[in-house]
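Here the protein sequences come in this chain order: A and B. Numbered according to our numbering, the first sequence terminates at residue 1707, and the numbering increases by one at each position without gaps. Numbered according to our numbering, the second sequence terminates at residue 1054, and the numbering increases by one at each position without gaps. Just so you know, even glycine gets a beta-carbon here, dropped at the ideal spot from N, CA and C. A quick note: this is a predicted structure, and the numbers were derived from the prediction, not measured. Only one structure is covered here, and it is reproduced in the block below.
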Amino acid sequence: MSSTVIDIENLSKLYRLGQVSSKTLTHDFNRWFAKVRGKEDPYAKIGTENDRSVKTSDEYVWALQDVCFNVQQGDVLGIIGSNGAGKSTLLKLLSRVTSPSKGNIKVKGRIASLLEVGTGFHPELTGKENVFLNGAILGMTKNEIKRKFDEIVDFAGVAKYIETPVKRYSSGMYVRLAFAVAAYLESEILILDEVLAVGDAEFQKKCMGKMGDVAHNEGRTVLFVSHNLFAVSEICNKGLLMVNGRVSHSGPIAQTIDKYLKGGTSHSEIYLIKNKGIDWIGIPNRDNLTNCKPNDEISIDVSLFVKNLNMSGVFIDFNVFNENNENVVHSRSNWIGFTFDTKSNTPINLTYKIIAPQLAAGKYFLSVNIYQGNDVLLYVTNIEAFNINANNYFGSSIFLDGVNAITVPPFTISRNN
Amino acid sequence: MNTSAASVETDKWDVVISPKSKVINFNFAELWKYRDLLMMFVRKDIVTVYKQTILGPIWFVVQPIMTTMIYYFIFGRVAKLGTDNVPAILFYLGSNTLWLYFSETLNTTSKTFADNASIFGKVYFPRLLLPLSKVISGMIKLFIQLILFVLVLLYYIFVRHSVMPNQFIFLFPFLLVLMAALSFALGTIITSMTTKYRDMTFLVTFGVQLLMYATPVIYPVSKFKEYQTLIWLNPLTSIFETFKYGFYGKGSFSWGWLGYTVLFTVTTTIVGMVVFNNVEKKFIDTV
């Protein structure tokens, strides 16, 4: 039998934009005056929804607005959403770092929150001293830490360095120790914010294992914020999707992740990760690609512009991703012996043709990687490329949804100019 | 049946987080629960100062020795402010040791929010622990420094026969408590006022320096006949004068002014805790 351990009602948080100045003092005075007269905060009424990309004249913004949900005991809740959706604000309110503007949170049991690894670590203190200090900051008593000390050191794998000041640690060792302390917290509710992105692959695996342990075997309630959807889907059983400070969806984790990925904002931006002299222009024939058939040949025109680069023997990689951000098609130009030369101030038009792609219905995204030797010249990803529509029963016979396998269908790449 | 049982159970929340806060809401039980953390902070303050040094805690006594020597030459020899016939070295060492405690505690507690914003922004614990830890770690440093003072005092009592403590020496623990409370109270008021508007921070640094000259640290109260009342209005005056009277057997003492200091300290401590309490919940948004 499960019972509600966290109950959140109409939770809202108002933030002021811009800088603290004499104007703030005026606002403070007005606010105080309203309070004296028993009126509502005059600035709470005018706050706008939190959409960071849209410029507003408003000085106040709702980082969280009317958030309501509850968490049952033993739930592992994954909180997802794009940057600035209010996830961290929510965790801050839950961990009592700041207090809400409206609404309330009711909690049953001890909360341990881990918004950062190694909070309060002092570089001059030894590993051992820091374990005790950090443990106490996170709410453990000295005896609890003493009891678990050996386990913590063992988990972190830094036994050799435990009497050395942490300023001499490698950054990896530092976070290992810090995470280990948190992993052994004895609390009914654990709050985690993106802290798994630490350490090497082996340690990350260990952390994931520990998290799963905490959640499934010890029956503790966990709230987990991460952009690593794989980790979220692995650990969590429930999900909460935040959009612009509001709860947009809550339910089983798979369903929530699905909503997040299909949401309008998540795939609208092209991510330019690297650019060394070649600009990404776009896909000129994009309009013709919105209605492809599952087994049709897909021909994507790619337009680039070389700003300042004279090189020969340049290679190009095309990767196709589905809506779940799984790489489904992989094509490298070296496989078919295609290279090209770049000359400054010239456009380059290429055509990438996937012959018999064998893809399920859905939206597909392109990631382009141009390089010479080991030098990456352009890396751009999340480009909306084509849609495959299957409007009859036979057309939708290929189900690749949820399959991670990368296929390498035959392809051609040609240069048109 | 089940639903009613469940609703009764769900009413027992351990923590309720809501925007409204009571003006007076001292959670001493919570402070007690976190006593291990308090001790950990104290330990950190003390230990980190002399990490990677050879002399270790001995460095704590270097500061009062140096300032005493400087004061001895500048205020004793050059300015000839007088010391009520107390040997100058002893006079400056005693009041300097006390003053260092007061000023350092005030300086560090008045920066509580600004200096610890990164920790406060990430984890909850009773915020009052940090200024409290500064008060306690300062006290430990003071005890180390007092060892030096006592040695010098014994020398002047038994070798030079130039000073004689009286029964008021037993007020000393009480004086320490007063001074700790006063520096803590002023520090928390200042740090609470500077979270949003930083203007005050500029005043604090030189304000503390000015305060030293308004306190009988480098001179005895008897030196200034005309401004007596003005000097006694400074709540620190009676602390320093009682200290000197008890340890040196010379100087001035007044129960009335000591009572005034007690009243002043109690009031500021309450004000300090109320202000701190109201700021600590939301300061992280503005600091």
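As computed with DSSP, Glu1299/A is found in a beta bridge with Asn1394/A. Rounded to the nearest whole angstrom, the CA to CA distance from Phe1605/A to Asn1614/A is 27 Å. Here the alpha carbon of Ile1369/A sits roughly 24 Å from the alpha carbon of Asn1617/A. In the structure shown, Trp780/B adopts coil according to DSSP, grouped into three states.
Annotated three-state conformation of Lys1653/A is strand, per DSSP. Identification of chain B residues near Gly1410/A by a Cβ-Cβ cut-off of 8 Å yields Ile886 and Val890, ordered along the chain.
Under a criterion of Cβ atoms nearer than 7 Å, the residues of chain B adjacent to Arg1386/A are, in order, Ile784 and Tyr891.
If you look at Ala1402/A, you'll find it isn't in any alpha helix (DSSP H); it sits in the beta strand (DSSP E) that goes Ile1401 to Leu1404. Closest by C-alpha distance to Ile1427/A, out of Leu896/B, Pro932/B, Trp999/B and Ile903/B, is Leu896/B. The beta carbon of Val919/B sits closer than 8 Å to those of Ile856, Leu857 and Leu860, all from its chain and outside the five residues before and after it, given in chain order.
Under the Cβ criterion (8 Å, minimum of three pairs), the stretch 1391 to 1406 of chain A counts as touching the stretch 1472 to 1480 of chain A. Under the DSSP assignment, Lys1436/A falls in the alpha helix (DSSP H) whose first and last residues are Lys1432 to Ala1446. At a C-beta separation below 9 Å, Val1397/A has these neighbours in chain B: Trp780, Asp781, Val782, Val783 and Ile784. Under the three-state reduction of DSSP output, Ile1606/A falls in the strand class. Not a single C-beta of chain A is nearer than 9 Å to the C-beta of Arg927/B. Leu1000/B and Val975/B have their C-alpha atoms spaced approximately 16 Å apart. A contact is defined here as three or more CB-CB pairs under 8 Å, and the stretch 862 to 874 of chain B meets this definition with respect to the stretch 999 to 1014 of chain B. For Leu1381/A, the secondary structure class from DSSP, reduced to helix, strand or coil, is helix. Listed in chain order, the non-local C-beta contacts of Leu1423/A below 8 Å within the same chain comprise Gly1410, Phe1411, His1412 and Leu1415, local neighbours out to five positions each way being set aside.
Between the alpha carbons of Glu1299/A and Asp1483/A lies a gap of roughly 22 Å.
Of the other Cβ atoms in all chains shown, 16 or more fall within 10 Å of the Cβ of Trp1352/A; this residue is therefore buried. The three-state secondary structure of Met931/B, taken from DSSP, is coil. In summary, Phe925/B is exposed, with fewer than 16 beta-carbon neighbours lying within 10 Å of its beta-carbon over all protein chains present. Burial is judged here by how many other beta carbons sit within 10 angstroms of a residue's own beta carbon; Lys1528/A has at least 16 and is buried. Interface annotation, Thr815/B: in contact with chain A, CB-CB separation under 9 Å. Closest in C-alpha terms to Arg1536/A, from the list Ala1646/A, Asn1664/A, Ser1378/A and Ile1626/A, comes Ser1378/A. Per DSSP, the beta bridge partners of Val1658/A are Phe1608/A and Val1670/A. In this structure, Phe808/B places its C-beta atom within 9 Å of the C-beta atom of Ser904/B.
For Leu1404/A against Ala1472/A, the beta-carbon gap comes to about 5 Å, under 8 Å, which counts as contact.
Closest in alpha carbon position to Ser885/B, among Ser1540/A, Pro1700/A, Val1387/A and Lys1496/A, is Val1387/A. Phe1514/A: member of the beta strand (DSSP E) spanning Thr1511 to Val1515, first to last residue. In this structure, Gly1502/A keeps its C-beta atom at 9 Å or more from the C-beta atom of Gln1363/A.
Taken atom to atom, the span from the alpha-carbon of Ile1395/A to that of Leu1301/A is near 7 Å. Listed along the chain, the chain B residues whose CB falls inside 7 Å of the CB of Thr1431/A are Asp803. Within the stretch 889 to 950 of chain B, complete alpha helix (DSSP H) segments of at least 4 residues are found at 896 to 921, given in chain order. With respect to the C-alpha of Thr876/B, the residue from Phe793/B, Met1040/B, Thr1053/B and Trp1022/B having the closest C-alpha is Met1040/B.
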